[in-house]
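Quick notes on the structure that follows.
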Amino acid sequence: MTDPARVRRHAERIRELVASVVRSQIKDPRLGMITITDARITADLRDATVFYTVLGDAAAQSSTAAALESAKGMLRSTVGKALGLRHSPTLTFVLDDVQDQVKHIDDLLAAARTADAEVQRLAAGAQYAGEAQPYRLDEEADEDSEDEDSDDEDAPRGAGRP
Numbered sequence: 658m659t660d661p662a663r664v665r666r667h668a669e670r671i672r673e674l675v676a677s678v679v680r681s682q683i684k685d686p687r688l689g690m691i692t693i694t695d696a697r698i699t700a701d702l703r704d705a706t707v708f709y710t711v712l713g714d715a716a717a718q719s720s721t722a723a724a725l726e727s728a729k730g731m732l733r734s735t736v737g738k739a740l741g742l743r744h745s746p747t748l749t750f751v752l753d754d755v756q757d758q759v760k761h762i763d764d765l766l767a768a769a770r771t772a773d774a775e776v777q778r779l780a781a782g783a784q785y786a787g788e789a790q791p792y793r794l795d796e797e798a799d800e801d802s803e804d805e806d807s808d809d810e811d812a813p814r815g816a817g818r819p
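Count the sequence shown with the numbering used here and you get residues 658 to 819, in order.
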């Protein structure tokens, strides 16, 4: 069994190493404004996934992905030497689309606020379809039951029953 704390430490170290190597050693012109956001490593320390964001449009994202793929070997050897593991973990780069998800959630919340405001506007001038209080209150129920009891006493015992 691998210690989860050890796995987390290695993942954090991989994130730091990849970020520093991308910033200082990779001179690929295709590499855009990149930020390494997270790294995760499997429990057996063989495969690492590195998440990154790129400032720019889809073209900048695709060119940065190509630059990272071409530098994957150098990054893997640097990470393997720094971690001192028996096997250097394979690196997989994944575009982290958190910003797009945040924008989508913000748009959904704005649409919900607009719909709620419309419902409030429609409800402001609305009236009840029936009475304002559709349920019987205790006082009315007591009065009705007394009236029904007195009606039953006036009727003959066998009359009105099937």
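Idealized CB from N, CA, C, for every residue including glycine. Every value quoted in this text rests on a predicted model; they were computed, and no experiment measured them.
Under the assumption that residue i contacts residue j (Cβ atoms under 8 Å), give the Cβ distance between them as a whole number of angstroms.
i	j	result
Ile693	Pro746	Incorrect: roughly 15 Å between the Cβ atoms, too far for contact.
Thr706	Thr749	5 Å
Met690	Gly713	6 Å
Any idea if residue i is buried or exposed, counting beta-carbon neighbours within 10 angstroms, 16 or more meaning buried?
i	result
His667	buried
Thr721	buried
Tyr792	exposed
Thr710	buried
Leu688	buried
Ile671	buried
Leu702	buried
Ala728	buried
Name the residue from the options whose alpha carbon lies nearest to the alpha carbon of residue i.
i	options	result
Ala696	Ala717, Leu752, Leu742, Arg743	Leu752
Ala739	Val675, Asp764, Ala769, Arg770	Val675
Arg663	Ala716, Leu742, Lys760	Leu742
Val678	Leu725, Pro661, Ala700	Leu725
Val755	Phe708, Ala783, Ala786, Pro661	Phe708
Ser719	Pro686, Ala768, Ala783	Pro686
Ala700	Arg665, Ala717, Ala716	Arg665
Indicate the three-state DSSP secondary structure (helix, strand or coil) for residue i in the structure shown.
i	result
Asp685	coil
Thr735	helix
Thr659	coil
Ala717	helix
Arg697	strand
Asp754	coil
Leu702	coil
Leu794	coil
Leu712	strand
Leu748	strand
Three CB pairs or more closer than 8 Å across the stretch 719-736 and the stretch 678-692: Note that the stretch 719-736 touches the stretch 678-692; at least 3 beta-carbon pairs, one per stretch, sit closer than 8 Å.
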